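Visitor:
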Amino acid sequence: MFLNPLLKTAIPVTAPCIAPDCFSGKSVKEIKALTVYYGNKEKHLQDLFDIKDDGQDVITLGSVPTVKYIGKGMTAGSIVVRGDAGMHLGAEMKGGRITVEGSVSDWAGAEMKGGEIFIAGNAGHCLGGAYRGSKSGMNKGLIVVKGNAGTEVGGLMKKGIIVVEGTLGDAAGCNMKGGTLICYGRPGDRLGAFMQRGSIVLYESPYLLPTFTYNAVYNPTWLRVFLRELAKTPYKIPITQGHIEGAYRRYNGDISELGKGEILVFQG
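So the number in my numbering is just where the residue sits in the sequence shown, counting from 1, plus 480.
Here it is, written out as structure tokens:
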């Protein structure tokens, strides 16, 4: 199914119906009649998109930087965005795969419970994070960002994997409860603030809070296995043999909280 946007507008479009679960079992006519919101006005999907059945199971969209909640809660299937995507992409998704060939706005993969999101460009704030008032953010799944990511990446993250090949904004891994966050670029300030558990793996030296304490230089056994498996994914993550076999400086914290989290800084 191919959806080509009819309008170029700054008005946000709320469209959680753009998901394989919602399209499944419906005719093209029924899909065209699905409800979306253009600002605060109720519309049909066909009012905003040229919808064509291309005979594929994959939902393909053109560039939709103002369309929110694409793939929300999806459990299976595949979505491809040929450009940029709006806020809340893949929020609360449980399975399937979303590929974005451009950049995404804030809250991508928020509170996701499974599945994979691949972003070829940049990601906004609160990637894989928790909505305000929630007790946990991302809880299983994989997010890969080829570009940079904004602030509070992996906030309240419980399980899952986030890989950012560019830079991280401030407060990445804040209140982290578990899971793994990997960054190849330079991280921002207040990295891992209030984290209780989980692992942050870095390939550039960070500025760490004083509530993280140095432990040792070593090669974590779990990380060797982890990186080898991650290298098998189709996302061409720049994992080298040196990353697998090299030494890492380990810091534990945040000791103002439980203090069982760790930050691993690649030493070579």
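Backbone N, C-alpha and C fix where the C-beta goes; we use that ideal spot for every residue, glycine too.
All values reported here derive from a predicted model rather than from experimental measurement.
#1: According to DSSP, what are the bridge partners of L541?
#2: Closest by CA to K593, which one among A565, H723, A556?
#3: Measuring straight from C-alpha to C-alpha, what distance separates L541 and K548?
#4: By DSSP, does E709 sit in helix, in strand, or in coil?
#5: What span of residues does the beta strand (DSSP E) with V644 cover, start to end?
#6: Kindly list the residues whose CB is nearer than 6 Å to the CB of G519, restricted to its own chain and excluding five residues on each side of it in sequence; keep chain order.
#7: By DSSP, does F746 sit in helix, in strand, or in coil?
#8: Please return the same chain residues whose Cβ sits closer than 6 Å to the Cβ of R666, not counting the five positions on each side in sequence.
#9: At the level of alpha carbons, what is the spacing between L528 and G551?
#10: Determine the DSSP secondary structure at H426, reduced to helix, strand or coil.
#11: Could you tell me whether the segment 603–614 touches the segment 628–638, where touching means 3 or more Cβ pairs closer than 8 Å?
#12: For N619, I'd like the list of residues in its chain whose CB is within less than 6 Å of its CB, leaving aside the five on either flank, ordered along the chain.
#13: Along the chain, where does the beta strand (DSSP E) containing V580 start, and where does it finish?
#14: Rounded to whole angstroms, what's the CA-CA distance from Q676 to D564? Just pull it up for me.
#15: Excluding the five sequence neighbours on either side, which residues of its own chain have a C-beta within less than 7 Å of the C-beta of F746, listed in chain order?
#16: Note down, in chain order, each residue of its chain lying with its Cβ closer than 7 Å to the Cβ of L707, except the 5 sequence neighbours on either side.
#17: Ends of the alpha helix (DSSP H) at I511?
#18: For G733, which residues does DSSP report across the bridge?
#19: Once DSSP output is grouped into helix, strand and coil, what is the label at C663?
Guide: With the structure as the only source:
#1: One-based indexing of the sequence shown puts residue 541 at position 61. According to DSSP, L541 shares a beta bridge with L483, V561.
#2: Position 113 of the sequence shown holds residue 593. When each option's Cα is compared against that of K593, the closest is A556.
#3: Sequence index remark: in the sequence shown, residue 541 carries index 61 (1-based). Sequence index remark: in the sequence shown, residue 548 carries index 68 (1-based). Each residue's alpha carbon lies about 13 Å from the other.
#4: As a first step, residue 709 is located in the sequence shown; it is residue number 229 there, counting from the start. Here DSSP, grouped into helix, strand and coil, assigns E709 to helix.
#5: Translated into positions along the sequence shown, residue 644 becomes position 164. Per DSSP, V644 belongs to the beta strand (DSSP E) from 641–644.
#6: In the sequence shown, counting from the first residue as 1, residue 519 sits at position 39. Excluding positions up to five away in sequence, the list reads I491.
#7: Along the sequence shown, read from residue 1 onward, the residue named residue 746 stands at position 266. Here F746 sits in strand by DSSP.
#8: Here residue 666 corresponds to residue number 186 of the sequence shown, with the count starting at 1. Once the five neighbours on either side are set aside, the close Cβ partners of R666 are T647, E684.
#9: As a working mapping, residue 528 is identified with position 48 in the sequence shown. As a working mapping, residue 551 is identified with position 71 in the sequence shown. Inter-residue distance for L528 and G551 is about 17 Å (C-alpha atoms, whole angstroms).
#10: What the structure shows of the chain is the stretch from 481 to 748, and residue 426 is not part of that stretch, so it cannot be assessed.
#11: Flag = yes, the segment 603–614 and the segment 628–638 touch.
#12: The count along the sequence shown starts at 1 and reaches residue 619 at position 139. Result list for N619: K593, K638, K639, in chain order.
#13: Locating residue 580 in the sequence shown gives position 100, counting from the first residue. Unbroken beta strand (DSSP E) run through V580: 577–580.
#14: Counting from one through the sequence shown, the residue named residue 676 turns up at place 196. Counting from one through the sequence shown, the residue named residue 564 turns up at place 84. Near 34 Å, if we compare the C-alpha coordinates of D564 and Q676.
#15: Walking along the sequence shown from the start, residue 746 turns up at place 266. Counting only Cβ-Cβ distances below 7 Å, and skipping sequence neighbours, we find L682, Y683, H723, G726, Y728.
#16: Walking along the sequence shown from the start, residue 707 turns up at place 227. Cβ neighbours of L707 beyond the five flanking positions: I719, H723, I724.
#17: Sequence index remark: in the sequence shown, residue 511 carries index 31 (1-based). Counting along the chain, the unbroken alpha helix (DSSP H) around I511 starts and ends at 508–512.
#18: Against the sequence shown, residue 733 aligns to sequence position 253. As DSSP reads the structure, G733 sits in a beta bridge with G741.
#19: Locating residue 663 in the sequence shown gives position 183, counting from the first residue. DSSP places C663 in strand when its eight states are reduced to three.
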